[in-house]
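> First, the structure itself, so that you have it in front of you.
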Amino acid sequence: MRISPRGLWWLKGGLHIAFILPILYLAYLVLSDNAGGDPVQYIIHFTGMGALNSLLAALLVSPLAKYFKQGLLLQTRRLIGLYVFAYATLHITAFISLDLLFAWAFLLEEVIKRPYILVGAVAYSILLLLSVTSFMMVRKKMGKRWQQLHNWVYLVALLAPIHFYWSVKSEIIEPSIYIVICVVLVYLRKQKLAKYLPQG
Ligand code: HEM
Numbered sequence: 004m005r006i007s008p009r010g011l012w013w014l015k016g017g018l019h020i021a022f023i024l025p026i027l028y029l030a031y032l033v034l035s036d037n038a039g040g041d042p043v044q045y046i047i048h049f050t051g052m053g054a055l056n057s058l059l060a061a062l063l064v065s066p067l068a069k070y071f072k073q074g075l076l077l078q079t080r081r082l083i084g085l086y087v088f089a090y091a092t093l094h095i096t097a098f099i100s101l102d103l104l105f106a107w108a109f110l111l112e113e114v115i116k117r118p119y120i121l122v123g124a125v126a127y128s129i130l131l132l133l134s135v136t137s138f139m140m141v142r143k144k145m146g147k148r149w150q151q152l153h154n155w156v157y158l159v160a161l162l163a164p165i166h167f168y169w170s171v172k173s174e175i176i177e178p179s180i181y182i183v184i185c186v187v188l189v190y191l192r193k194q195k196l197a198k199y200l201p202q203g
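In our numbering, each residue's number is its place in the sequence shown (first place is 1) plus 3.
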């Protein structure tokens, strides 16, 4: 059975709810003093994991659409991608406002102390570019270059779990699992990405 346009409409509605509810839940936890002993750390962790999990969801769409022969599913990618960007924006906003307290002078010091921040910043810059070019009007204007630019999401898929792995102090099992899943999801696109690799 194929998903109908009406089914797609409902699916998109469900996805909006699935991505917005955790943000409301986080706000509730923080406002009710239930965000652990270090609420700032809690918010950075929650939104960082939200961004990474949404990214995995976005990367899963096309293999699922192919496997189940549900082409319409591909139309959910923009929506999910924009939630990746939204979660990542909340993540860095929490870092800059609540952790760094807007002390820009300390940013360089922080980057030297925690170089994984640079990896996150590169990933975020790409997400920003992908989001601002995600509109149909821009897509049409960019022609072929649009797909080339949007293939950079696979670099984000490698940088984001590396940023996660590098940021943790001891517990490396969870970030290692994320790295493996992300590498598999990128590997599934090996044919599409082959043209970017040096030809032997
Ligand atoms: C300018 C961009 C970014 C900055 C400044 C930044 C900063 C940080 C900081 C300060 C931490 C907390 C590390 C700690 O002390 O425990 C962190 C963790 C994390 N970040 Fe980012 N990040 C950025 C981009 C991203 C992006 C684009 C993603 C995902 C798409 C992401 C996902 C994560 C994850 C999953 C964690 C681990 C959460 C934890 O276990 O606490 N970050 N990041």
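Cβ coordinates follow ideal geometry from the N, Cα and C atoms, glycine included.
Mark G84 as exposed unless 16 or more other C-beta atoms lie within 10 angstroms of its C-beta, in which case mark it buried.
buried
> Verify the contact flag: D102, CB atom, against every heavy atom of ligand 1, threshold strictly below 7 Å.
yes
> Work out the CA separation of Q78 and S170 for me, nearest whole Å.
33 Å
> When you compare each of H166, Q151 and F98 to V43 by their alpha carbons, which one comes out closest?
F98
> So V141 and L161 are supposed to be a Cβ contact under 8 Å. How far apart are they, rounded?
Rounded, the Cβ-Cβ distance is 25 Å, inconsistent with contact.
> Could you tell me if L29 is buried or exposed, where buried requires 16 or more neighbouring beta carbons within 10 angstroms of its beta carbon?
buried
> Quick one: Cα of L200 to Cα of L58, how far?
23 Å
> Is DSSP giving K116 helix, strand or coil here?
helix
> Since Y127 contacts I95 with CB under 8 Å, what's their CB separation in whole angstroms?
6 Å
> Use the C-beta contact count for I20: other C-beta atoms within 10 angstroms, 16 or more gives buried, fewer gives exposed.
exposed
> Rounded to whole angstroms, what is the Cα-Cα separation between I182 and G53?
Straight-line Cα distance between these residues: approximately 16 Å.
> Can you tell me whether P8 is buried or exposed? The criterion is at least 16 other CB atoms within 10 Å of its CB, across all chains shown.
exposed
> In the segment 49-114, which residue ranges form an unbroken alpha helix (DSSP H) of at least 4 residues, counting only runs that do not cross its ends?
80-97
> So, Y86 versus F138, is the Cβ gap smaller than 8 Å?
no
> Rounding to the nearest angstrom, what Cα-Cα distance links V156 and L196 in this structure?
12 Å
> Under 8 Å between the Cβ atoms of L101 and F109?
No, they are not a contact pair.
> Using the rule of at least 16 other Cβ atoms within 10 Å of the residue's Cβ for burial, across every protein chain shown, is Y90 buried or exposed?
Classification of Y90: buried, given that the 10 Å Cβ count is 16 or more.
> With DSSP run on the structure shown, which of helix, strand or coil describes K193?
helix
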